[in-house]
Structure formats: C-alpha cells, structure tokens
Amino acid sequence: MKTFKKTSLAALMSATTLMSASVMANDGPVKLGLMLPYSGTYTALGEAITNGLKLAIEQEGGQLGGREVEYVQLDSEADPSKAPQNMSRLVNRDEVDFVIGPVHSGVAMGMLRVAQQTGAIMIIPNAGLGAATNELCMPNVFRTSFSMWQDSYPMGKVAYDQGHREIVTITWDYAGGKEDLAGFEEAFTAEGGEIVEQILVPFPSTEFQSYLTQIASLAPDAVYTFFAGGGGVGFVRDYAAAGLKESIPLLGSGFLTEGNLAALGDAGEGVMTTLHYAETLENEQNQAFVAAYESAYGEMPDTYAVQGYDTGMMLVQALSVLGGDTSDQERLIDVLANVQLASPRGPLSFSDSHHPIQNIYLREIRDGKHEVVSIAAENLEVPDEACQM
-14 MKTFKKTSLA
-4 ALMSATTLMS
6 ASVMANDGPV
16 KLGLMLPYSG
26 TYTALGEAIT
36 NGLKLAIEQE
46 GGQLGGREVE
56 YVQLDSEADP
66 SKAPQNMSRL
76 VNRDEVDFVI
86 GPVHSGVAMG
96 MLRVAQQTGA
106 IMIIPNAGLG
116 AATNELCMPN
126 VFRTSFSMWQ
136 DSYPMGKVAY
146 DQGHREIVTI
156 TWDYAGGKED
166 LAGFEEAFTA
176 EGGEIVEQIL
186 VPFPSTEFQS
196 YLTQIASLAP
206 DAVYTFFAGG
216 GGVGFVRDYA
226 AAGLKESIPL
236 LGSGFLTEGN
246 LAALGDAGEG
256 VMTTLHYAET
266 LENEQNQAFV
276 AAYESAYGEM
286 PDTYAVQGYD
296 TGMMLVQALS
306 VLGGDTSDQE
316 RLIDVLANVQ
326 LASPRGPLSF
336 SDSHHPIQNI
346 YLREIRDGKH
356 EVVSIAAENL
366 EVPDEACQM
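Counting from -14, one number per residue, gives the positions in the sequence shown under the working numbering.
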C-alpha cells in the first residue's frame, strides 16, 4: 500500500475527532452530503448522479448497513469560489458522514482543501482532475468516476492502430481539455504518431469555423478533440457541415458525445470515442441497471448516472461489511478502499490512490447509439507516482 504524500492517515484521524458526533453515533441515519450542481449549465449532470446514487440505495431497501439514509443536498452552482464554504457547511454544520461531489474540477479543488483539514470522507462521482488522486491524494478521498487521462490515453493507440500517423488535436484552452489532449498525445506519440498541430479555442467559445478551415488546410489523417455539452454538439455538427467528416475521421474523448446523441443527429454517425461506459454494454448488470433506471426516471441512463449508481453501490457494500458502523474512521476507509463491484460499466476496483481501475471502451455512434466496438484498455490503472512519498 502506498504511503500518502500530502496528509498522513494519523493526522486525518486526529482531525476526525473534531468532526461530527454523527460519525460516532450508529443508531441514527447515515447522512450523505451531496454537493452537486442543481442549477445552471451542469444541472442535468448533478441530477443524473443523484438519481443513480438514490437508485442503488433504494434497491437495498433505502438503507446502508441496516441504517436509514438522510440526504443533505447542496447546490454547488459549479462555483469554485463557494466550494470551501459549502464543504465546511456539510461537514461542520450538517455533520454528514460522507460528502459526495462534485461535478466541476474547480469545485473539487476547494473541497479537497477542506477534506484535508477535517478528515471528512469525500467521494468524487465526476470531476476528472488528475491531481485529486495523484498530487493531492489523501486516504479519505475516493473517486468513482475517471480522470481526463484515463479516458483519453487509450484512444492514442487506437488511432495509431487504425493507420493514422498525423493528427490535429483541438480543445478549449482550459485545464480539463489540456489534460485530456495530453493523455491522447502521450499514447499516440509513444506509438510513433505525430501531433501536427494543437489548437486551443478560448473557453467557452463555440465559434469553430476558422479552426475548421485551418484543419482542412492541414489535411491530417484524423482529428482528436475534447469538447463537451453544447460545445461538443456544436463542434460535431459544424465538423460535418464543413464536409470534413467523410475525409478526416473525428475521434474524441467520450464526453464529446455523451448525453448529446439526440442533439447530434446524423452529424454524430460514425464518430468514435473512448469512455468507461456505454449504454449498450451487454452485461447482466448493465441490462438490469438500464431497465431499473428507465422505470424509475423515464429516461436512459448515461455515464453520469452510472457514476452516481456506483457511488451508491460502493457505500452499500462497505456499510454491509461494517454492519452500518461508521464510528471507526480508519476501518471505514480501509473497507471502502477494498470495495470491488460488478458495475454496469464492468469490473470496478480501486488503486492504492483510490482511483477506479476500470475498462475503457471504444465506442462508435451507430443509428443514434453508442455501440461498443472493443475494449480499448482493460482494467486500466491511472499513473499516480506523485501520490508516493
């Protein structure tokens, strides 16, 4: 087991004694503090994570280790400046047993500072910044989602194996996009490929025409991109409208198209992405999950819903082992670290730095669905050397 660099377990345990009385009382409900966006641009993501989490716990009779569950939902507003105050409120005023969040990586940075100071157990169901389980790793922080590197790195080898040798990359000029492109470039250049141009678009601009003209003039073998949400829809549609799709294949991180299939329409057909989930995965757990989610919420689940669901299942498994006892913080962290799930996304376990070890799938949009082409990387573990002493 690694020795954690930033905060020792002993120091966290000392800080924990100053935390909430709820950690010591096992006859009341388990309190889950949900610090997710419930307004603004990322509302749908916060709601999907919440829905998945609650579905997992409802399937266990609405209890964790035999205890009732109380949800304390706080709108993060995807605002990094409010993150430390909001996190402190959940830990110190609301006395939650676990903090679940956030979606936005900037918000995660503020939350991590409070987690370090208090020893509060934090489970990240989305934010992809690599530092959370690397440079800033600590024993009381877990991730049930991904890092930008984990979803982009496998596409580098895929692109090379498909015969591409010269590629243009393009993303917004911000940390998340740059991390994503770096993962792809690391793998692609290691195979012998060349990045002929990296294009950075001012965030959050969706005016792509001049960049598409530049790509056409460069005539690369393919384009790799990271955009998400409305930016992803705009880029894919503009790319097709510019006549590039048929001559220059478009590759991307799965968030380019995740949650956007209906909006993409025909422009998305044939686009290939890598991600740790696809709604069409043919395993027993995913088929049951999709059916249960559709029944409960009237829509198909996406990656965000799965990340929430697996957060719930992680808590279900750990508190079942502990019989609902959350009083021994060190033992609780150890049990969480050893959780292994048969997830809708495939087998899921945790590295020493508490990052998920998981499959990454190559997906192609066919008839408006993410069809799984292959496993691009099996049981992929994220490098976390900075987490060591």
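Yeah, the Cβ is synthetic: ideal placement off N, Cα and C, and Gly gets one too.
- Between P329 and A371, the C-beta gap is not smaller than 9 Å, which leaves the two residues out of contact.
- Nearest to G50 by alpha-carbon distance, out of P234, I42, V57, is I42.
- Per DSSP, reduced to three states, the secondary structure at P341 is strand.
- Linking S61 to G86 through their CA atoms gives a straight-line distance of about 9 Å.
- The beta carbons of S137 and D165 sit closer together than 9 Å.
- Bridge pairing for G18: V57, V84 [DSSP].
- Annotated as proximal: E45 and V301, with beta-carbon spacing under 9 Å.
- Contact between N125 and H261 is absent: CB atoms are separated by about 23 Å, not below the 8 Å threshold.
- Within a 10 Å sphere around the beta-carbon of D287 sit 16 or more other beta-carbons, which makes this residue buried.
- Of the candidates L19, G18, K39, T28, the residue whose Cα lies closest to the Cα of A277 is K39.
- Comparing alpha-carbon positions, the option among T103, Q135, Q102 lying closest to T118 turns out to be Q135.
- Looking only at D295, Q102, A116, the smallest Cα-Cα distance to D369 is reached by A116.
- Relative to F240, the option among M257, G250, I233, V324 whose CA is nearest is M257.
- One alpha carbon belongs to G214, the other to T28, and they sit about 12 Å apart.
- The alpha-carbon of N271 is positioned some 19 Å away from that of A362.
- Here G25 really is in contact with A63; their C-beta atoms are around 6 Å apart, less than 8 Å.
- The residue among I106, T296, E267 with its C-alpha nearest the C-alpha of S312 is I106.
- If you ignore the 5 residues before and after L21, its C-beta comes within less than 7 Å of the C-beta of G31, I34, T35, S61, G86, P87, V88, all in its own chain and listed in chain order.
- When secondary structure is reduced to three states using DSSP, N71 falls in the helix class.
- In the DSSP annotation of this structure, E243 is not part of any alpha helix (DSSP H), being labelled neither H nor E.
- If only uninterrupted alpha helix (DSSP H) runs of at least 4 residues are considered, those enclosed by the segment 224 to 277 are 246 to 249.
- In the three-state reduction of the DSSP assignment, F335 falls in the strand class, which pools E and B.
- Linking K163 to D82 through their CA atoms gives a straight-line distance of about 34 Å.
- Bridge partners of E182 according to DSSP: V153.
- With respect to V15, R52 sits close: the two C-beta atoms are nearer than 9 Å.
- Assignment of beta strand (DSSP E) within the segment 278 to 358, counting only whole runs of 3 or more residues, yields 326 to 328, 331 to 335, 341 to 351 in chain order.
- With respect to the C-alpha of G244, the residue from F212, N268, L236 having the closest C-alpha is F212.
- When secondary structure is reduced to three states using DSSP, V367 falls in the coil class, being assigned neither helix nor strand.
- R150 is not a Cβ neighbour of G168, given a cutoff of 9 Å.
- In summary, P139 is buried, with 16 or more beta-carbon neighbours lying within 10 Å of its beta-carbon over all protein chains present.
- With distances taken between CA atoms, V367 lies nearest to S334 out of S334, E80, Q101.
- Partner residues in the beta bridge of I109, as assigned by DSSP, are R128.
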